[in-house]
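A.B. asks: Can you read through this structure? Questions will come right after.
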Amino acid sequence: MQFTPSKLNTFLLFKLPAAYITGVRVQHIDSRLCAVRVRHRWINQNPFNSMYFAVQAMAAELTTGALVMLHIAESGRKISMLVANNKSTFTKKARGKITFTCTDGHLVGEAIAHTLATGEGQTFWMKSTGVDESGDVVSVLDFEWSVKRK
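Numbering (our numbering), first residue to last: 236 to 385.
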């Protein structure tokens, strides 16, 4: 699969429909950075008139997971990937357009290079930060990814 925002959004429709239906959309991806946007709407709200935490988690995980998928595809090798752990901090009600960004692509490249060189599985943490239209951080989510050669 080619890694463009359009292709990833089509992937969401068929493979992660809950994310697609709630409005999660990839805005940008390259080997270093992935940005995903989601707008607070009726379909993804909680009873407190803000975005449900699980929708924020889907968007944040996508920023990290898409980078892992991209680096695996670029390696040309069969590598499995799995979320092993996660941590979340929510600092403000998420309303309006929220953009989640992960800039940890370099960590993926290092882990994949190491697992290919040694044959051992690798784990690493990636951070995704959600920012509202005013530039305020609404949430920070960390995901521990595990990769290993198949």
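Idealized CB from N, CA, C, for every residue including glycine.
Fair warning: this is a prediction, and the values are worked out from it, not measured in the lab.
#1: Could you tell me the alpha carbon to alpha carbon distance between F238 and N244, rounded to whole angstroms?
#2: Please specify which runs of the alpha helix (DSSP H), each continuous and at least 4 residues long, are wholly inside the stretch 312 to 357, giving them in chain order.
#3: Can you name the start and end residues of the alpha helix (DSSP H) that F238 belongs to?
#4: Can you look up H306 in the DSSP assignment and give me helix, strand or coil?
#5: What number of angstroms, rounded off, separates the C-alpha of A348 from the C-alpha of H306?
#6: Identify which residue in K332, T350 and K362 has its Cα closest to the Cα of S369.
#7: So for F359, helix, strand or coil by DSSP?
#8: Apart from the five residues on each side of it in sequence, which residues of its chain come closer than 6 Å, Cβ to Cβ, to H263?
#9: Within 8 Å, do at least three Cβ pairs link the stretch 245 to 263 to the stretch 308 to 321?
#10: State the start and end residues of the unbroken alpha helix (DSSP H) segment that holds I278.
#11: Round the Cβ separation of L376 and S323 to the nearest angstrom and send it over; I've been treating them as touching at under 8 Å.
C.D. replies: Checking against the coordinates, here is how it stands:
#1: 10 Å
#2: 340 to 353
#3: First-last for F238: undefined, no H or E at that position.
#4: helix
#5: 10 Å
#6: K332
#7: strand
#8: A270
#9: no
#10: First-last for I278: undefined, no H or E at that position.
#11: In this structure, L376 and S323 form a Cβ contact; the two beta carbons are roughly 5 Å apart against a cut-off of 8 Å.
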